[in-house]
């Protein structure tokens, strides 16, 4: 993956052959801890959502994230390297330590990233990421009921420190006071359709 300094990317991956990647609460919490360890030292996390068989991250790349490093015979960005460590260390820990009986790769081979090119697209992507559990029927008809996303932080139900909410508001000129209303106004609309 190629990243540019101060750009924002939607990064996502799913289970190999759409298999489950988060089997229980401990797995979600482990992945969150690994996101904190691997991503936050080199970039800003603006929004995130973990689903049973996939994840979405919205990342603002810093200068540290774009620094190159040698990995094997390749030169890659620090953020790309750390995303690889995030997935491989999570896979090793959850599969081996919990005897899941899985062989082969837990994740699809390539993690994908899409450049978010403007403010409007960034806001739409944030809403899309947060709507995933609702659309999948996992949140009991309330966006705030899915605890494995940054939605409860933006909505004020939780004081998480994983996301840099202020940076997202700064980059988009988004009004934090309209977040909850906007989140429900766009459900089932163009935001969901845009990304599916």
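In our numbering, the protein residues as written are 651 to 846. Think of the CB as a built atom: it goes at the ideal place given N, C-alpha and C, for glycine as much as any other residue. All values derive from a computational prediction rather than experimental measurement.
{"Check": "Residue 836 by DSSP, collapsed to three states: which one?", "Outcome": "coil"}
{"Check": "Among 829, 801, 833, 823, which has the Cα closest to the Cα of residue 698?", "Outcome": "801"}
{"Check": "Exposed or buried, which one is residue 720 when buried takes at least 16 other CB atoms within 10 Å?", "Outcome": "exposed"}
{"Check": "Note down, in chain order, each residue of its chain lying with its Cβ closer than 7 Å to the Cβ of residue 692, except the 5 sequence neighbours on either side.", "Outcome": "712, 714, 715, 728, 729, 732"}
{"Check": "What does DSSP give as the partner residue(s) for residue 671 in the beta ladder?", "Outcome": "Bridge partners of residue 671: none, in fact."}
{"Check": "Please classify residue 718: does DSSP put it in a helix, a strand, or coil?", "Outcome": "strand"}
{"Check": "Flag this pair as yes or no: are the beta carbons of residue 661 and residue 761 separated by less than 8 Å?", "Outcome": "yes"}
{"Check": "Near residue 837, which residues of its chain fall below 7 Å by C-beta distance, leaving aside the five closest residues on each side in sequence?", "Outcome": "781, 784"}
{"Check": "Could you name the residues of the same chain whose beta carbon sits closer than 7 Å to that of residue 819, not counting the 5 residues immediately before and after it, in chain order?", "Outcome": "826"}
{"Check": "What would DSSP say about residue 603, mapped onto helix, strand or coil?", "Outcome": "Summary: the structure shown does not reach residue 603, with the chain confined to residues 651 through 846, and so no result is reported for it."}
{"Check": "Whose CA, out of 677, 688, 742, lies closest to the CA of residue 703?", "Outcome": "677"}
{"Check": "Spell out the partners DSSP gives residue 725 in its beta bridges.", "Outcome": "720"}
{"Check": "Excluding the 5 residues preceding and the 5 following residue 823 in the sequence, name in chain order all residues of the same chain whose CB lies nearer than 6 Å to its CB.", "Outcome": "none"}
{"Check": "Going by the beta-carbon positions, is the gap between residue 853 and residue 680 smaller than 8 Å?", "Outcome": "In the structure as shown, the chain begins at 651 and stops at 846. Residue 853 is therefore absent and cannot be evaluated."}
{"Check": "Can you grab the Cα-Cα spacing for the pair residue 798 / residue 833, in whole Å?", "Outcome": "17 Å"}
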